[in-house]
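Worksheet: the structure to be examined is printed underneath.
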Amino acid sequence: SQTIHQWPATLVQPVGSPLSLECTVEGTSNPNLYWYRQAAGRGLQLLFYSVGIGQISSEVPQNLSASRPQDRQFILSSKKLLLSDSGFYLCAWSLGGAGGELFFGEGSRLTVL
Amino acid sequence: RKEVEQDPGPFNVPEGATVAFNCTYSNSASQSFFWYRQDCRKEPKLLMSVYSSGNEDGRFTAQLNRASQYISLLIRDSKLSDSATYLCVVVDYKLSFGAGTTVTVRA
Numbered sequence: 001s002q003t004i005h006q007w008p009a010t011l012v013q014p015v016g017s018p019l020s021l022e023c024t025v026e027g028t029s030n031p032n033l034y035w036y037r038q039a040a041g042r043g044l045q046l047l048f049y050s051v052g053i054g055q056i057s058s059e060v061p062q063n064l065s066a067s068r069p070q071d072r073q074f075i076l077s078s079k080k081l082l083l084s085d086s087g088f089y090l091c092a093w094s095l096g097g098a099g100g101e102l103f104f105g106e107g108s109r110l111t112v113l
Numbered sequence: 001r002k003e004v005e006q007d008p009g010p011f012n013v014p015e016g017a018t019v020a021f022n023c024t025y026s027n028s029a030s031q032s033f034f035w036y037r038q039d040c041r042k043e044p045k046l047l048m049s050v051y052s053s054g055n056e057d058g059r060f061t062a063q064l065n066r067a068s069q070y071i072s073l074l075i076r077d078s079k080l081s082d083s084a085t086y087l088c089v090v091v092d093y094k095l096s097f098g099a100g101t102t103v104t105v106r107a
C-alpha cells in the first residue's frame with residue numbers, strides 16, 4: 001500500500017533562518033507531488049507541484065522553493081524565513097491526471113517568530 | 001471572485017440533526033468535484049467524490065448543480081464524530097480547494 005511521510009511535524013523558527021521540509025512517498029512510482037500551505041481560517045494554497053524528477057512548477061511567487069531530487073522525494077525550502085511563512089504545510093501525492101484523489105501527509109506546522 | 005467559495009460556518013447542530021451546506025465555483029468548465037474532511041490540526045482526507053447524478057455514502061449525500069455552479073453536502077443523523085471542517089475541491093486543469101465549512105455536532 002502507498003504511504004506518505006512528512007517531517008518535521010512541528011517547527012518553530014526565527015525570522016531569517018532557513019527551512020527544509022521533507023516528504024517521501026512509498027509504494028508507488030512516478031507520483032505527482034504537491035506542496036500546499038494552509039493559513040489559519042483559509043483554504044489550501046498550492047505552492048508547488050511536480051510531475052517528475054527535477055520538474056517543479058510554482059503557483060505563486062514567494063519566499064520558498066521546492067526540489068524533487070528523487071522520484072518519491074519532495075523538499076520544500078527557504079533560505080530566509082519571513083513571519084508570513086507561518087502556517088500548516090501539507091505534502092500530497094496523486095496518480096497522474098489532475099482529477100485524481102490527493103493523499104496528504106500529516107502536515108508540518110511552522111511558526112516563524 | 002474566488003475560484004471556490006464556501007460558507008465558513010460554523011454550523012452547530014445537535015446529534016441526530018441534518019446539516020447541509022454548499023460550495024460554489026466560478027469555472028463552468030470544471031470537470032471533477034470532491035468533498036474532503038479535515039479534523040482539527042490534521043491533514044485533509046477524501047470523504048467522497050461528487051457525481052453528476054448525485055451520490056450517497058451512508059449518511060452523506062453529495063450533489064452537483066452545474067447550472068448554478070455549486071456542489072452540496074448533506075449529513076443526515078449527525079454524529080459527534082462528524083464534527084470537522086469539510087473542504088470542497090473543484091478540478092479544472094488544477095485542483096482548487098475551498099476554505100472549508102466547519103461543522104460542530106453537540107450532544
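In order, the protein sequence lines correspond to chains W and R. Mapped onto the numbering used here, the consecutive letters of the first sequence carry residue numbers 1 to 113. Mapped onto the numbering used here, the consecutive letters of the second sequence carry residue numbers 1 to 107. The beta-carbon is built from N, C-alpha and C at its ideal position, and this holds for glycine as well.
- Cβ atoms of residue 16(R) and residue 78(R) come within 8 Å of each other, at about 6 Å.
- Taking all protein chains in view, the Cβ of residue 31(W) is crowded by 16 or more other Cβ atoms within 10 Å, so the residue is classified as buried.
- With fewer than 16 other CB atoms across the displayed protein chains lying within 10 angstroms of its CB, residue 56(R) is exposed.
- Within the same chain, and ignoring the five residues on either side of residue 101(R) in sequence, the residues whose Cβ sits closer than 6 Å to its Cβ are 6, 7, 9, 21 and 86.
- The shortest C-alpha to C-alpha distance from residue 48(R) to any of 69(R), 61(R) and 23(R) is the one to 61(R).
- Annotation for residue 24(R): the continuous beta strand (DSSP E) segment containing it runs 19 to 25.
- 90, 98, 99, 101, 102, 104, 105 and 106: these are the residues of the region 80 to 106 of chain W whose beta carbon lies less than 7 Å from some beta carbon of chain R, given in chain order.
- Linking residue 94(R) to residue 107(W) through their CA atoms gives a straight-line distance of about 21 Å.
- For residue 45(R), the enclosing beta strand (DSSP E) covers residues 45 to 50.
- Secondary structure of residue 58(W) (DSSP, three-state): strand.
- Residue 21(W) holds the alpha-carbon nearest to the alpha-carbon of residue 79(W) among 6(W), 21(W), 2(W) and 89(W).
- For the region 39 to 51 of chain W, the beta-carbon criterion of a distance under 9 Å to any beta-carbon of chain R is satisfied by 41, 42, 43, 44, 45, 46 and 49.
- Of the residues 75(W), 92(W), 113(W) and 109(W), the one whose Cα lies closest to the Cα of residue 44(R) is 92(W).
- Going by DSSP, residue 69(W) is part of the beta strand (DSSP E) stretching over 65 to 70.
- By the CB criterion at 9 Å, residue 83(W) and residue 113(W) fall inside the cutoff.
- Exclusion of the five residues before and after residue 58(W) leaves 48 as the residues of its chain whose Cβ lies within less than 6 Å of its Cβ.
- By the CB criterion at 9 Å, residue 90(R) and residue 27(R) fall inside the cutoff.
- Residue 36(W) counts as buried, since no fewer than 16 other beta carbons sit within 10 angstroms of its beta carbon.
- Within its own chain, the residues whose Cβ lies closer than 7 Å to the Cβ of residue 83(R), once the five positions on either side in sequence are excluded, are 103, 104 and 105, listed in chain order.
- A residue is called buried once 16 or more other Cβ atoms fall within 10 Å of its Cβ, and residue 39(R), having fewer, is exposed.
- Secondary structure at residue 21(W): strand, using DSSP grouped into helix, strand and coil.
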